[in-house]
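**Student:** Be aware that the sequence shown starts at 1097, since it is given in this note's numbering, and climbs by one per residue.
Please find one structure pasted underneath; my questions will follow.
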Amino acid sequence: MEQHHHRFLFFSLVAVLLGAVIAGGGYWAYWNFYERFRPVTIAKNQTEIQHLLDESDWVSPGRTGPVLWMISFRDCADCIAYQRDEFPKLAAANVDTRVIVFARADHEGLQESTAAERATVAELWINRDWNLYARWMATSHKDWTASDLKPAEHDWARTAVVNSTHDYVNQMAPLLKGAGLGDTYPILIWRDRDGFLKACACTDERSYHFIRTDLGAPSEAKKLLDQVKTVIGHATGSTPSSAAKPAASMPPPTTAPETSAPATTPPTASSPTTTAPAPSPAPAQGNFIARAPKKHSNPRAVFY
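Okay, here's the thing in structure tokens:
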């Protein structure tokens, strides 16, 4: 009897340990594949952050839908990747992508920005020309000379504008850190459908779908959640029902049963011959004329 009691305790302990491992593995999968890429909901410094956003000299295509602010600098690889991959999807949802570009300050006596970059940043903050920003981003960083722009050097006003972009970042960064955001770029800020202010230092594409969902753009959240469920299913030994069920075969279209025409007796000489009325002609179909696509008002504005 005592031996059976020890065996029961042993298997109970194994079951508890196995359950803890499975639960821990499931939580790790949820955190690693989903939760750690979730944006931050800003609960502190909302007024100050919104004021800085509104007062900045952003550039945008001028759409009328939801607003997404992006803070970035020119040779930020993750910023370029986000614009390339996500701006077209956001444009399809009429999202107004407002870009706040800054020139990085010197670090330990070394310049972090080029003269052409500083001239472009100053021009963008002064005139807020989206087409200029589009041309800049469509040209490689090393090939951009800004030859048609006024240089920021030896121009007190434009130098002050470039320095103001440093001040802007220095004011914004502590507010975002206080809300739990990191200091990597691009920094993306938006409001979700309930009006909550959210932010993301999005350096991983697994964060993108959160933004698209909040802004009403095409989302891949369900696909990502299915992947998480698959990992948890393998960890627990159960197979999640994530496989798509085969579509039911469509029944053949029902047709009205054919009715045989009543037999007609040949007319006799004494009865007049009746002729069936001619069927009315089918209404003429309208002529569908393919319309030429509307051309963009500015052929240079090819950047989303």
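Beta carbons are placed, not taken as given, at the ideal position from N, Cα and C, and that holds for glycine.
This one's a predicted model, so the numbers in the text were calculated from it and none came from an experiment.
Under three-state DSSP, which class holds Asp1310?
**Tutor:** Translated into the one-based positions of the sequence shown, residue 1310 becomes position 214. The three-state reading of DSSP puts Asp1310 in helix, counting H, G and I together.
**Student:** Quick one: what does DSSP say Asp1174 is sitting in, helix, strand or coil?
**Tutor:** Against the sequence shown, residue 1174 aligns to sequence position 78. Asp1174 falls in the helix class under three-state DSSP.
**Student:** Skipping 5 residues on each side, what residues in its chain have a beta carbon closer than 6 Å to that of Ile1167?
**Tutor:** Here residue 1167 corresponds to residue number 71 of the sequence shown, with the count starting at 1. Result list for Ile1167: Ile1196 and Ile1283, in chain order.
**Student:** Count the other CB atoms, across all protein chains shown, that sit within 10 Å of the CB of Arg1180; report buried if there are 16 or more and exposed otherwise.
**Tutor:** For the purposes of this step, residue 1180 is taken as the residue at position 84 of the sequence shown. Exposed: under 16 other Cβ atoms inside 10 Å.
**Student:** For Ser1152, which three-state DSSP category applies?
**Tutor:** If you number the sequence shown from 1, residue 1152 lands on position 56. It is coil, neither helix nor strand.
**Student:** I'd like the list of long-range same chain contacts for Ile1176, defined as Cβ closer than 8 Å, with 5 residues on each side in sequence excluded.
**Tutor:** Within the sequence shown, numbered from 1, the residue matching residue 1176 stands at position 80. For Ile1176, where only same-chain residues beyond five positions count, the Cβ hits under 8 Å are Met1233.
**Student:** Cα separation between Ala1215 and Ala1242?
**Tutor:** Taking the sequence shown and counting its residues from 1, the one referred to as residue 1215 is at position 119. Taking the sequence shown and counting its residues from 1, the one referred to as residue 1242 is at position 146. Going from the Cα of Ala1215 to the Cα of Ala1242 covers about 7 Å.
**Student:** Classify Ile1222 as buried or exposed, calling it buried when 16 or more other Cβ atoms lie within 10 Å of its own Cβ.
**Tutor:** Looking up residue 1222 in the sequence shown gives position 126. So Ile1222 counts as exposed.
**Student:** Of the residues Lys1294, Cys1296, Leu1228 and Val1155, which one's Cα is nearest the Cα of Leu1245?
**Tutor:** Mapped onto the sequence shown, residue 1245 falls at position 149. With distances taken between Cα atoms, Leu1245 lies closest to Leu1228.
**Student:** Nearest by alpha-carbon distance to Val1191: which of Glu1204, Tyr1264, Trp1286 and Pro1162 is it?
**Tutor:** Here residue 1191 refers to the residue found at position 95 when the sequence shown is read from its first residue. Selected option, being the one with the closest Cα: Pro1162.
**Student:** I need the straight-line Cα distance from Arg1134 to His1305, nearest angstrom please.
**Tutor:** Along the sequence shown, one-based indexing puts residue 1134 at 38. Along the sequence shown, one-based indexing puts residue 1305 at 209. Looking at the two C-alpha atoms, the distance is approximately 9 Å.
**Student:** Take every Cβ of the region 1284-1293, pair it with every Cβ of the region 1259-1266, and state whether three or more of those distances are shorter than 8 Å.
**Tutor:** no
**Student:** Since Arg1214 is in the alpha helix (DSSP H), which residue starts that stretch and which ends it?
**Tutor:** As a first step, residue 1214 must be located in the sequence shown, where it is residue number 118. From DSSP, the alpha helix (DSSP H) with Arg1214 extends over Ala1211 to Asn1223.
**Student:** Hey, could you find the ends of the alpha helix (DSSP H) Thr1261 is sitting in?
**Tutor:** As a first step, residue 1261 must be located in the sequence shown, where it is residue number 165. Per DSSP, Thr1261 belongs to the alpha helix (DSSP H) from Trp1252 to Gly1274.
**Student:** Mark Ala1211 as exposed unless 16 or more other C-beta atoms lie within 10 angstroms of its C-beta, in which case mark it buried.
**Tutor:** Here residue 1211 is taken as the residue at index 115 of the sequence shown, counted from 1. Result: exposed.
**Student:** Nearest to Thr1280 by CA position, among Ile1138, Gln1142 and Phe1169, is which residue?
**Tutor:** By one-based count along the sequence shown, residue 1280 stands at place 184. Taking the Cα of Thr1280 as reference, the smallest distance to any Cα among Ile1138, Gln1142 and Phe1169 is reached at Phe1169.
**Student:** Closest to Leu1311 by CA distance: which of Ala1269, Trp1240 and Lys1294 is it?
**Tutor:** Numbered from its first residue, the sequence shown carries residue 1311 at position 215. Closest by alpha carbon: Lys1294.
**Student:** So for Arg1194, helix, strand or coil by DSSP?
**Tutor:** The residue you call residue 1194 lines up with position 98 of the sequence shown. In this structure, Arg1194 counts as strand in the three-state DSSP scheme.
**Student:** With a CB to CB cut of under 6 Å and the five nearest residues on each side skipped, what residues in its chain are close to Ala1297?
**Tutor:** Along the sequence shown, read from residue 1 onward, the residue named residue 1297 stands at position 201. Answer for Ala1297: Leu1277, Gly1278, Thr1280 and Ile1283, listed in chain order.
**Student:** Quick one, are the C-beta atoms of Trp1165 and Arg1194 less than 7 Å apart?
**Tutor:** Here residue 1165 refers to the residue found at position 69 of the sequence shown. Here residue 1194 refers to the residue found at position 98 of the sequence shown. For Trp1165 and Arg1194, yes; Cβs fall inside 7 Å.
**Student:** Hey, how far is the Cα of Glu1301 from the Cα of Cys1172?
**Tutor:** For the purposes of this step, residue 1301 is taken as the residue at position 205 of the sequence shown. For the purposes of this step, residue 1172 is taken as the residue at position 76 of the sequence shown. Their Cα atoms are separated by approximately 15 Å.
**Student:** My assumption, with CB atoms under 8 Å, is that Ser1156 sits in contact with Trp1240. Please give the rounded CB distance.
**Tutor:** If you number the sequence shown from 1, residue 1156 lands on position 60. If you number the sequence shown from 1, residue 1240 lands on position 144. So it is not a contact: roughly 21 Å between Cβ atoms.
**Student:** Taking Thr1255 as the reference, give the member of Asp1150, Glu1219, Thr1299 and Ala1230 with the closest Cα.
**Tutor:** As a working note, residue 1255 is residue 159 in the sequence shown. Comparing Cα positions, the closest option is Glu1219.
**Student:** Alpha carbons only, please: which of Lys1273, Phe1198, His1147 and Glu1213 is nearest the one belonging to Ser1236?
**Tutor:** On the sequence shown, residue 1236 is found 140 positions in, with the first residue counted as 1. Ranking Lys1273, Phe1198, His1147 and Glu1213 by Cα distance to Ser1236 puts Glu1213 first.
**Student:** On the criterion of 16 or more Cβ atoms from any shown chain inside 10 Å, does Glu1208 qualify as buried, or is it exposed?
**Tutor:** As a working mapping, residue 1208 is identified with position 112 in the sequence shown. Burial call: exposed.
**Student:** Check the C-beta distance from Lys1140 over to Ala1275 and give it rounded, since I have them as a contact under 8 Å.
**Tutor:** Here residue 1140 is taken as the residue at index 44 of the sequence shown, counted from 1. Here residue 1275 is taken as the residue at index 179 of the sequence shown, counted from 1. About 5 Å; that satisfies the 8 Å criterion.
**Student:** Alpha helix (DSSP H) containing Ala1234: first to last residue?
**Tutor:** One-based indexing of the sequence shown puts residue 1234 at position 138. Unbroken alpha helix (DSSP H) run through Ala1234: Trp1226 to Ala1234.
**Student:** Helix, strand or coil: which one does DSSP assign to Ile1283?
**Tutor:** Stepping through the sequence shown from its first residue, residue 1283 is reached at position 187. Reduced to three states, the DSSP call for Ile1283 is strand.
**Student:** Within this structure, are the beta carbons of Glu1151 and Leu1271 separated by less than 7 Å?
**Tutor:** In the sequence shown, the residue the question calls residue 1151 occupies position 55. In the sequence shown, the residue the question calls residue 1271 occupies position 175. No, they are not a contact pair.
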